[in-house]
């Protein structure tokens, strides 16, 4: 009967994702930002579902929704499992929400079956991950992990309101737990990419979350009349930038799992009849290993300098962001992979190119992530979709994982 | 004493260019647009200088300033010589103005020396060439040549005022002359390019004005997350466009005197962390021969299609402009080149990549053009500059040319 009950739980999960997807600050699409009215309604709604699954519910100082089930008695450790409840603008209803509602469904199932756990579980609905309101991501998980800095509290939104004002606090809160009291943090999230779909699998585990470096490349040539400047006398900034776009693409293609993206480009003066004198190009480089990312950056910088020098162009390379890679816990991930294999036969191991709350929580506890296939790899879009069958598969994996962790834990004791 | 008098005339020309350069609609920079208050002041000022050189002055129905010197008696033909008095926004003071003020200085010199010409001369200051006010170029020379169309009269400026309203006319005027009454049209203009400077020469003749085709290329790929989409699964519209930028550059480099320019580019969505799903690219292709331009366009289109097909991208190629090349008159140009050689020793022959009033007047009369070196090839910019020495060289060339044409003309009679 476990199978049938879980199928029902998966259907309920689907209805809840739909209901939560209607809780929005916008009339037309789904948008929920840090401490907005919709976020307060979302916390109230998800809090009710947490209570229904037997969790004790509270909100912390930064608005994270925390549902806790005590188990294992005095001195028992805590398993964290969750994701974020905020969204990008005009979002889909799975990014974040799936990782909060799915563990509630899993704990509901365990409770229904009277499963006794030897550890406490906290389901976390982080209040901020997408960085929409304050152009700074992870405010929720940073608050939970005690990683908010004074500078974060001073951030202001488009209306000039600061994080400090929004939260009504004077100092950043400390971590929610001592590290040694935690078993780990598990996050279920849509893949936001096409790998699982291309392999025909519903779920996979994440071995590492890629480090990420962003740079802004300014190419300086000489603007000139498109009709009167012979080809041989040109210093075309766009041609130089184009050469780099292709060089970065070719380099990343031959250095998998490296990804390099030039997503934004602007040419000045930007008229059809003027040779571009200046081009600004963005570069985003990610690799699951820091050594791989750093080696790639050094090579890309050398390539850019070579192009600029050969073409007589000026080049200004400014790094605007640099985040190290986060390795997932080998133990937790092995256990999670065992559950994936038990449920769907094979278990692919992916690296996450996108950042997640797990990046921040890795400062507090070992982390593991379960990726769930999303249609067409699409995310951050109203058409974002996870099939009912895949949701059920993911739910079965998480239930099996919690029971598996429970068995391991008991063996250890 | 001819030499000394011309040196003085060249200095006066310099002062007049400076004075005319202060006649502007803007307080900060030089801007004169079709029938603006500054254009009326410019016509009045230049008209005074024309009268001073012995010309009879009038304005035609479209505001062209015409200074005419009768000579050669009844049935004598007319030599046209001029350029435009309007400017781009924030212009330099030589583009157009040099070609109007220089022939006034030349005719002043001929008059001072009592030279009798066997033909009439009209110095033309066209009222519109740059296309600023009505986003349509050559309104002045089109009016003079009888080439304005009903559609031109309906054009409206940013305030909704039509050309017809500005001119207060009901129908487009006919041509100012019957073609058989004209000896030709000669235009002195800054090169707007770096060729004369690179050869260390003050002036050169123009063999042809390049034809010009513009197109808008829309590259359609698939937007995707920069972190989660492996390189092998991307359809990056910017990478395709970059490949074309380089292909067009390489093709034009190996097919001189072809020039091909991709001056404007926009990537959508244009975020650092999103693979561009759509890129719009401008293409501007010019060649002094129509066959050369057409062959290049066919090849570039084939290259673009090959790139798009290889990368799985959509391509939409839309032609937005297509103007044929204009060949300068062999006879007039040979005579002009003889004068250039007489004054500066050598005479380079250039093609004009930019359009000029001569393009329109070629419908009415054989045309020739004298290009004058401008510093750094720079034009359409406040720093546009022609040295006093080069102005004097150009003036000597034009005086020699008019006397040469006069001699040829008398020999023919």
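Protein chains in written order, with our numbering: chain A, 5 to 417; chain B, 5 to 417.
Virtual Cβ for every residue (Gly too), placed ideally from N, Cα, C.
Computed from a predicted structure; not experimentally measured.
What first and last residue would you give for the beta strand (DSSP E) that runs through residue i?
{"i": "residue 213 of chain B", "result": "207-213"}
{"i": "residue 288 of chain B", "result": "282-291"}
{"i": "residue 238 of chain A", "result": "Looking at the DSSP string, residue 238 of chain A is not in any beta strand (DSSP E), and its letter there is neither H nor E."}
{"i": "residue 72 of chain B", "result": "69-73"}
{"i": "residue 324 of chain B", "result": "318-327"}
{"i": "residue 62 of chain A", "result": "60-63"}
{"i": "residue 194 of chain B", "result": "186-194"}
To the nearest angstrom, how far is the alpha carbon of residue i from that of residue j?
{"i": "residue 320 of chain B", "j": "residue 221 of chain B", "result": "6 Å"}
{"i": "residue 110 of chain B", "j": "residue 19 of chain B", "result": "15 Å"}
{"i": "residue 102 of chain A", "j": "residue 193 of chain A", "result": "7 Å"}
{"i": "residue 226 of chain B", "j": "residue 304 of chain B", "result": "23 Å"}
{"i": "residue 308 of chain A", "j": "residue 260 of chain A", "result": "20 Å"}
{"i": "residue 400 of chain B", "j": "residue 142 of chain B", "result": "28 Å"}
{"i": "residue 264 of chain B", "j": "residue 252 of chain B", "result": "6 Å"}
{"i": "residue 270 of chain B", "j": "residue 92 of chain B", "result": "25 Å"}
{"i": "residue 277 of chain A", "j": "residue 357 of chain B", "result": "11 Å"}
{"i": "residue 403 of chain A", "j": "residue 165 of chain A", "result": "42 Å"}
{"i": "residue 373 of chain B", "j": "residue 273 of chain A", "result": "29 Å"}
{"i": "residue 112 of chain B", "j": "residue 11 of chain B", "result": "13 Å"}
{"i": "residue 68 of chain B", "j": "residue 17 of chain B", "result": "21 Å"}
{"i": "residue 8 of chain A", "j": "residue 353 of chain A", "result": "29 Å"}
{"i": "residue 50 of chain B", "j": "residue 27 of chain B", "result": "11 Å"}
{"i": "residue 290 of chain B", "j": "residue 301 of chain B", "result": "10 Å"}
{"i": "residue 3 of chain A", "j": "residue 368 of chain A", "result": "Chain A is shown from 5 up to 417; residue 3 of chain A falls before or after that span and cannot be answered."}
{"i": "residue 223 of chain A", "j": "residue 279 of chain A", "result": "13 Å"}
{"i": "residue 417 of chain B", "j": "residue 408 of chain B", "result": "With a pLDDT of only 49 at residue 417 of chain B, under the threshold of 50, the placement of this residue in the model should not be trusted, and no figure is reported."}
{"i": "residue 44 of chain A", "j": "residue 24 of chain A", "result": "12 Å"}
{"i": "residue 88 of chain B", "j": "residue 95 of chain B", "result": "13 Å"}
{"i": "residue 388 of chain B", "j": "residue 379 of chain B", "result": "7 Å"}
What are the start and end residues of the alpha helix (DSSP H) that includes residue i?
{"i": "residue 248 of chain B", "result": "241-257"}
{"i": "residue 145 of chain A", "result": "143-149"}
{"i": "residue 90 of chain A", "result": "First-last for residue 90 of chain A: undefined, no H or E at that position."}
{"i": "residue 199 of chain A", "result": "199-203"}
{"i": "residue 348 of chain A", "result": "334-348"}
{"i": "residue 363 of chain A", "result": "361-365"}
{"i": "residue 51 of chain A", "result": "41-56"}
{"i": "residue 313 of chain A", "result": "294-315"}
{"i": "residue 269 of chain B", "result": "From DSSP, residue 269 of chain B is part of no alpha helix (DSSP H) but of the beta strand (DSSP E) over 269-272."}
Count the other CB atoms, across all protein chains shown, that sit within 10 Å of the CB of residue i; report buried if there are 16 or more and exposed otherwise.
{"i": "residue 22 of chain B", "result": "exposed"}
{"i": "residue 30 of chain B", "result": "exposed"}
{"i": "residue 247 of chain B", "result": "buried"}
{"i": "residue 52 of chain B", "result": "exposed"}
{"i": "residue 154 of chain A", "result": "exposed"}
{"i": "residue 77 of chain A", "result": "exposed"}
{"i": "residue 1 of chain B", "result": "Only positions 5 to 417 of chain B appear in this structure, which leaves residue 1 of chain B out of reach."}
{"i": "residue 325 of chain A", "result": "exposed"}
{"i": "residue 46 of chain A", "result": "buried"}
{"i": "residue 256 of chain A", "result": "buried"}
{"i": "residue 55 of chain B", "result": "exposed"}
{"i": "residue 268 of chain B", "result": "buried"}
{"i": "residue 97 of chain A", "result": "buried"}
{"i": "residue 314 of chain A", "result": "exposed"}
{"i": "residue 5 of chain B", "result": "Annotation note: pLDDT 43 at residue 5 of chain B (below 50); position unreliable, coordinate value reported separately. So residue 5 of chain B ends up on the exposed side."}
I think residue i touches residue j, with their Cβ atoms under 8 Å apart; what is that distance to the nearest whole Å?
{"i": "residue 213 of chain B", "j": "residue 306 of chain B", "result": "At roughly 27 Å, the Cβ-Cβ gap does not stay under 8 Å, so residue 213 of chain B and residue 306 of chain B are not in contact."}
{"i": "residue 287 of chain B", "j": "residue 218 of chain B", "result": "7 Å"}
{"i": "residue 386 of chain A", "j": "residue 33 of chain A", "result": "6 Å"}
{"i": "residue 151 of chain A", "j": "residue 364 of chain A", "result": "6 Å"}
{"i": "residue 171 of chain B", "j": "residue 128 of chain B", "result": "The Cβ separation is near 17 Å, so there is no contact."}
{"i": "residue 121 of chain A", "j": "residue 410 of chain A", "result": "5 Å"}
{"i": "residue 250 of chain A", "j": "residue 243 of chain B", "result": "6 Å"}
{"i": "residue 262 of chain A", "j": "residue 215 of chain A", "result": "Contact doesn't hold; Cβ gap of about 11 Å is too wide."}
{"i": "residue 293 of chain B", "j": "residue 245 of chain B", "result": "Actually they do not touch by this definition, with Cβ atoms about 28 Å apart."}
Run the proximity test for residue i: is its beta-carbon closer than 6 Å to any non-hydrogen atom belonging to the ligand FMN?
{"i": "residue 277 of chain A", "result": "The ligand FMN is absent from the structure shown, which contains no ligand whatsoever."}
At least three beta-carbon pairs within less than 8 Å, the segment 394-401 of chain B to the segment 171-178 of chain B = No, because fewer than three Cβ pairs between the segment 394-401 of chain B and the segment 171-178 of chain B fall closer than 8 Å, the two stretches do not touch.
Three-pair Cβ contact test at 8 Å for the segment 158-173 of chain A versus the segment 331-348 of chain A | Too few Cβ pairs lie closer than 8 Å, so no.
Take every Cβ of the segment 28-47 of chain B, pair it with every Cβ of the segment 122-137 of chain B, and state whether three or more of those distances are shorter than 8 Å.
-> Contact check between the segment 28-47 of chain B and the segment 122-137 of chain B: three or more CB pairs, one atom from each, fall below 8 Å, which counts as touching.
For the segment 62-81 of chain B against the segment 192-209 of chain B, are there 3 or more C-beta pairs whose distance is under 8 Å?
-> With contact defined as three or more Cβ pairs closer than 8 Å, the segment 62-81 of chain B and the segment 192-209 of chain B are not in contact.
Would you call the segment 118-125 of chain B and the segment 68-76 of chain B in contact, with 3 or more CB pairs under 8 Å?
-> As far as the Cβ criterion goes, the segment 118-125 of chain B touches the segment 68-76 of chain B, which means the pair count is three or higher.
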